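Engineer:
Protein chains in written order, with my numbering: chain X, 18 to 519; chain W, 5 to 673.
1. I'd like the list of long-range same chain contacts for residue 321(W), defined as Cβ closer than 7 Å, with 5 residues on each side in sequence excluded.
2. Just to check my reading of the structure: residue 423(X) and residue 343(X) have Cβ atoms closer than 8 Å, yes? What is that Cβ distance to the nearest angstrom?
3. Please check if any C-beta of chain X sits within less than 8 Å of the C-beta of residue 760(W).
4. For the pair the stretch 278-287 of chain W and the stretch 348-357 of chain W, tell me if three or more CB-CB distances fall below 8 Å.
5. Need the endpoints of the alpha helix (DSSP H) that residue 512(X) sits in, please.
6. Looking only at its own chain, which residues have a Cβ that is under 6 Å from the Cβ of residue 347(W), when we skip the five neighbours before and after it?
7. Starting from residue 311(W), follow its DSSP beta bridges and name the residues at the other end.
8. Is any heavy atom of the ligand GTP found at a distance shorter than 7 Å from the C-beta of residue 386(X)?
9. Tell me which residue opens and which closes the alpha helix (DSSP H) that residue 384(X) is part of.
10. Name the residues in the stretch 243-267 of chain X whose C-beta lies less than 9 Å from a C-beta of chain W; which are they?
11. Return the CA-CA distance between residue 410(W) and residue 59(W), expressed in angstroms with no decimal places.
12. So, for residue 368(W): in the same chain, excluding its five sequence neighbours on each side, which residues have a beta-carbon less than 6 Å away from its beta-carbon?
13. Closest to residue 144(W) by C-alpha separation, out of 74(W), 112(W), 119(W), would be which residue?
14. Can you pull the chain W neighbours of residue 497(X), defined as C-beta to C-beta under 8 Å?
15. Which chain X residues sit within Cβ distance under 8 Å of residue 4(W)?
16. Could you check where the alpha helix (DSSP H) with residue 74(W) kicks off and where it finishes?
17. Does DSSP put residue 78(X) in a helix, in a strand, or in coil?
18. Within the 8 Å Cβ cut-off, does residue 476(W) reach chain X?
19. Does chain X have any CB closer than 8 Å to the CB of residue 611(W)?
20. Quick one: which residues of the stretch 443-470 of chain X get their C-beta closer than 9 Å to a C-beta of chain W? List them in chain order.
21. To the nearest angstrom, how far is it from the Cα of residue 92(W) to the Cα of residue 68(W)?
22. In the DSSP assignment, what residue or residues form a beta bridge with residue 319(X)?
23. Would you please verify whether the beta carbon of residue 138(W) is less than 8 Å from any beta carbon of chain X?
24. With burial defined as no fewer than 16 other Cβ atoms inside 10 Å of the residue's Cβ, what is the status of residue 24(X): buried or exposed?
25. If the cut-off is 7 Å on Cβ atoms, which residues from the stretch 162-190 of chain W count as contacting chain X, listed in chain order?
26. Taking Cβ positions only, does residue 77(W) come closer than 8 Å to chain X?
27. What does the Cβ neighbour count give for residue 374(W), buried or exposed, with the cut at 16 atoms within 10 Å?
28. What does a CB cutoff of less than 8 Å around residue 66(W) pick up in its chain, not counting 5 residues either side in sequence?
29. Please work out which residues of its chain come closer than 7 Å, Cβ to Cβ, to residue 521(W), disregarding the five sequence neighbours upstream and downstream, and give them in chain order.
30. For the beta strand (DSSP E) that residue 88(X) lies in, which residues bound it at each end?
31. Could you check the C-alpha separation between residue 157(X) and residue 75(X) for me, to the nearest Å?
32. In chain X, which residues lie less than 8 Å from residue 154(W) when you measure between Cβ atoms?
33. Which residues does DSSP list as the beta-bridge partners of residue 85(W)?
34. Please state whether DSSP places residue 51(W) in a helix, a strand or coil.
35. Going along chain W, which residues have a C-beta under 8 Å from residue 80(X)?
36. Determine whether the Cβ of residue 624(W) lies closer than 8 Å to any Cβ atom of chain X.
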């Protein structure tokens with residue numbers, strides 16, 4: 018089947034443009050249809066993609082700026098296939114949620130949906146790009162809508178402060194990454210003859226180890242900020258407090274995954290020596306993120322921040338899997354990225370519903386006792402919580418299992434310490450579930466069950482979580498020929514003796 | 005073969021169907037309908053389990069290990085190979101039949117016991133889910149599915165412990181149980197890693213064949229980690245503190261999960277993994293010693309606790325200690341035999357206790373109970389039968405299984421003799437604390453509640469209170485419900501208890517040394533190649549001497565209890581005064597909760613507070629954010645007149661910055 022990736026890529030943005038022109042009441046629905054189209058496209062890719070070879074498929078390759086060797090090259094392989102599905106599903110869900118909230122809640126709805134749609138296209142661009150500069154371009158582009166979405170529609174007076182923080186962190190990261198990307202192309206061309214930024218070409222050239230090291234650090238800084246990882250998560254608390262809920266949900270679910278994806282798409286295959294050199298450092302950062310994120314998550318009482326810090330911890334696991342530089346670990350990392358995205362969006366929506374029942378308060382201390390009058394909400398929240406804490410039987414556990422096994426095979430001590438994070442996850446998720454749903458009814462709490470419109474978004478998402486829990490083999494199978502080669506070279510450099518045994 | 009597989013899937017999936025029907029149809033199922041649905045699917049599951057047993061027996065002995073694969077679950081090229089698969093062999097079938105049988109009766113009991121509770125459908129949905137999870141655990145054919153079942157039963161246990169979730173004591177107990185169980189899961193997963201590293205497969209049967217490929221260090225580490233999983237689930241020291249608190253759940257839940265089935269999962273795990281443990285004798289020794297320690301320590305606590313359900317909970321820990329000791333010492337059949345008899349008499353004791361607690365309108369303190377013998381003759385009879393079986397009086401079920409455990413362990417010789425001595429001492433203590441309950445609850449001058457019942461009226465509290473904290477209940481939700489049900493007035497409860505009482509008497513007769521030994525023959529194919537299964541054969545002198553000793557000790561224990569709590573009540577006070585430090589130690593449960601709290605909970609909370617209040621504010625916010633933000637603040641002070649202008653300024657800055665960098669590099673190139 019011929020599938021044009023450009024159509025998928027620009028469809029949401031096009032719908033966003035249309036949304037600017039149509040009446041306010043239907044602008045959200047136009048944007049939703051655009052994202053739904055992209056979702057349909059990604060499902061078609063999922064079905065049609067030939068996983069047996071694991072090669073890049075549906076490639077679009079046009080020379081964009083010939084003098085600089087920049088190509089407009091898009092492609093799908095086992096690495097981005099599942100993430101594309103995640104991104105389109107999550108954007109569809111969040112745009113639908115925003116549309117169902119109704120325009121009485123929001124001023125200037127047309128611009129809101131146009132920005133959301135643009136963000137969608139930018140994320141898809143970053144995931145599809147097979148040219149380094151194209152990737153960087155989309156990676157930066159995808160943040161711009163979020164500045165505006167937060168700065169204009171964010172609740173509370175702190176939003177300027179939050180946007181400032183987010184912006185500064187991002188700016189530093191982006192500039193470093195841009196510099197590193199350009200340097201990669203330029204330095205590679207010194208050895209070759211023609212400057213190119215096409216990833217498959219760059220992979221053929223091995224940069225000297227010294228250059229690899231500083232380029233690696235620049236990329237790592239950008240990606241770690243985006244995840245966010247400890248200790249560069251300073252923008253996260255304010256950002257999470259002030260983003261509008263659907264924006265926050267999609268930001269947390271998808272954007273952090275693009276950073277994780279960047280490591281596997283760009284960093285480990287292009288800079289294997291540096292990846293091997295910095296393996297221990299990255300694993301320690303990941304470990305610190307897990308422990309620190311968990312500790313913060315079980316002490317804070319703000320529900321949004323519990324999810325925020327839990328993301329720090331979960332992204333720590335994902336980084337751990339990537340820098341195990343092991344095929345199993347990397348596959349676990351991608352699976353976990355999908356899983357985490359899948360549970361984060363419903364979790365944020367549920368937190369929003371809980372806040373609405375607690376008189377608008379995000380604080381756990383104002384919540385409690387909703388389960389009795391809201392059994393459906395309680396059941397959905399329970400499934401989401403158990404999946405988030407990676408209970409065996411969920412796909413999240415399969416991801417964590419592979420990640421931890423990957424680390425176990427390379428750095429056993431780190432794996433054993435990382436298991437603490439598994440234990441702590443059960444503490445913070447259950448604590449949130451119990452204090453929101455069980456115990457006595459909070460003072461200002463009005464316990465009511467979810468509306469049909471809420472269910473329209475939540476139930477399908479939970480159904481996907483359950484389906485994936487029953488058959489995690491599906492995403493694994495799609496990735497198993499593409500993902501391990503991305504870390505193979507770095508893994509061999511990091512542990513020559515182990516590869517020799519196998 | 006096909007029929008074995010078919011019955012296996014049916015046995016497993018029927019409870020899941022019940023869970024879904026009750027869970028999704030809670031608005032449609034009226035009255036006691038959820039209870040009937042829940043019990044009916046369990047009965048169906050039990051029938052399928054029995055048919056599976058027959059189908060398996062039809063196969064020749066060497067082929068009685070049937071694997072049923074549904075689909076690939078987590079399979080990667082050259083790596084993990086987890087399939088969604090079941091393993092049906094005599095061990096798993098025996099466990100399945102016992103579990104579904106006892107579960108059916110407990111569901112039946114619950115139909116009455118929980119009626120009047122507004123969470124009725126939710127209750128049966130959870131209970132069905134629990135049985136599904138337990139069967140998944142038992143029938144699992146690979147490590148992955150075992151871990152899934154293992155975690156699911158933990159979740160089901162959590163849900164049922166905090167079933168009355170308006171009580172903060174219940175939600176706290178549920179959380180404690182869940183977290184300790186997750187610790188067990190972690191042990192299990194890490195243990196699996198160690199073993200998988202050597203064998204390269206997650207399939208049970210293949211792993212057992214390739215156990216020689218695992219280095220002995222890995223094998224010992226792996227087995228000890230598996231034991232951590234077993235200890236957490238089976239409430240063995242030091243991971244036992246959740247079980248007494250788990251008594252917050254409704255009494256039938258305590259009977260099913262925290263006595264008859266889930267807590268014995270650790271025993272099953274060790275028995276299932278015998279090919280690993282036999283190659284890792286050090287790990288097996290750890291299991292045997294911890295089991296022995298647990299059986300003694302918890303029995304001493306059982307002597308002094310005053311909460312009726314908690315006494316039975318400690319006795320459960322103690323009895324599981326016997327089982328863990330047995331299977332870790334190579335006495336697999338004896339351990340499984342004790343699991344099986346224990347399921348009957350312990351479920352029975354809990355049910356009878358539930359009936360008494362209902363008559364007390366929820367009060368669980370035995371200090372307030374007295375003289376229920378005439379008011380509740382049926383409950384009394386059942387309690388005594390269960391008590392005699394627990395105490396190990398011949399010819400009740402517990403007598404045969406406990407003595408088989410001790411005889412087989414003794415046959416190991418060496419330091420195992422010390423374990424057996426502790427086992428016999430504890431058998432005596434067991435008889436004492438069991439009859440302490442019986443004498444204090446059922447004999448003597450009737451308490452006001454018992455009097456009321458004798459006059460034909462079931463006691464109801466004016467203000468229902470939480471039996472643990474004394475707090476007034478939140479009655480608007482209707483659970484725990486305002487109604488109470490006692491066995492004397494509810495037929496389903498009577499049927500369930502009657503059948504279990506019958507089991508508590510006769511269940512042991514299937515395995516009388518030198519007479520029947522049916523279980524030994526039945527489980528033969530599973531343990532055929534085991535070294536200990538070959539070697540351990542207690543001599544007649546050991547067997548019958550042990551039985552005689554067990555019988556004498558149990559009767560002596562009852563006599564002592566009679567003396568202390570019936571004949572001379574003053575003795576109890578004197579003893580308490582004389583042995584004050586010992587009593588304090590027992591009453592404080594050997595300070596296990598405090599130790600865990602100091603070691604793990606407080607440091608964890610301290611770290612969280614430090615991160616929250618100090619590190620995040622000073623380092624992350626101050627160092628990493630404060631600096632750059634301040635810088636930009638100063639720089640942008642000029643354009644900060646309006647918010648939109650502010651954003652524009654940043655956008656412009658970003659574009660300029662990007663352009664500058666691009667330019668610089670292009671010039672360089």
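A virtual CB, placed ideally from N, CA and C, is assigned to each residue, including glycine.
None of the values given here were measured: they were computed from a predicted structure.
Structural biologist: Checking against the coordinates, here is how it stands:
1. Within the same chain, residue 321(W) has close Cβ partners 239, 244, 247, 298, 302.
2. Contact flag correct, Cβ pair sits at about 4 Å.
3. With chain W running from 5 to 673 in the structure shown, residue 760(W) is simply not present.
4. No: the two stretches stay apart, fewer than three of their Cβ pairs being nearer than 8 Å.
5. Taken as a continuous stretch (DSSP letters only), residue 512(X) belongs to no alpha helix (DSSP H), as it is neither H nor E.
6. Answer for residue 347(W): 102, 106, 264, listed in chain order.
7. Paired residues: 369(W).
8. The ligand GTP is not among the ligands present in this structure, which contains no ligands whatsoever.
9. Looking at the DSSP string, residue 384(X) is not in any alpha helix (DSSP H), and its letter there is neither H nor E.
10. The residues in question are 247, 248, 249, 250, 251, 252, 254, 255.
11. Rounded to the nearest angstrom, the two C-alpha atoms are 33 Å apart.
12. Correct list, in chain order: 311, 312, 313, 361, 471.
13. Selected option, being the one with the closest Cα: 74(W).
14. Those within 8 Å of residue 497(X) in chain W are 80, 81.
15. The question about residue 4(W) has no answer, for chain W in this structure spans 5 to 673.
16. Residue 74(W) -> not in any alpha helix (DSSP H); beta strand (DSSP E) instead, spanning 70-79.
17. It is a strand residue.
18. With 8 Å as the cut-off, residue 476(W) does not count as an interface residue toward chain X.
19. Under the Cβ distance rule, residue 611(W) counts among the residues neighbouring chain X, one pair being separated by less than 8 Å.
20. Of all residues in the stretch 443-470 of chain X, 443, 444, 447, 448, 451, 452, 454, 455, 456, 457, 458 have a Cβ within less than 9 Å of some Cβ in chain W.
21. In a straight line, the C-alpha of residue 92(W) is about 8 Å away from that of residue 68(W).
22. Beta-bridge pairing links residue 319(X) to 380(X).
23. No, residue 138(W) does not count as interfacial toward chain X.
24. Result: exposed.
25. Answer in chain order: 166, 169, 170, 172, 175, 179, 182, 183, 186, 187, 189, 190.
26. Yes, contact with chain X.
27. It is buried - the Cβ of residue 374(W) has at least 16 other Cβ atoms within 10 Å.
28. Excluding five sequence positions before and after residue 66(W), the CB atoms of its chain that fall closer than 8 Å to its own CB belong to 529, given in chain order.
29. Within the same chain, 515 come within 7 Å of residue 521(W) by CB-CB distance, once the 5 residues on both sides are set aside.
30. Unbroken beta strand (DSSP E) run through residue 88(X): 87-93.
31. Residue 157(X) and residue 75(X): Cα-Cα distance of roughly 24 Å.
32. By Cβ distance, chain X contributes 409.
33. Bridge pairing for residue 85(W): 79(W) [DSSP].
34. Residue 51(W): helix per DSSP, three-state reduction.
35. One finds nothing in chain W with a Cβ atom closer than 8 Å to the Cβ of residue 80(X); even the nearest lies about 17 Å away.
36. Yes, contact with chain X.
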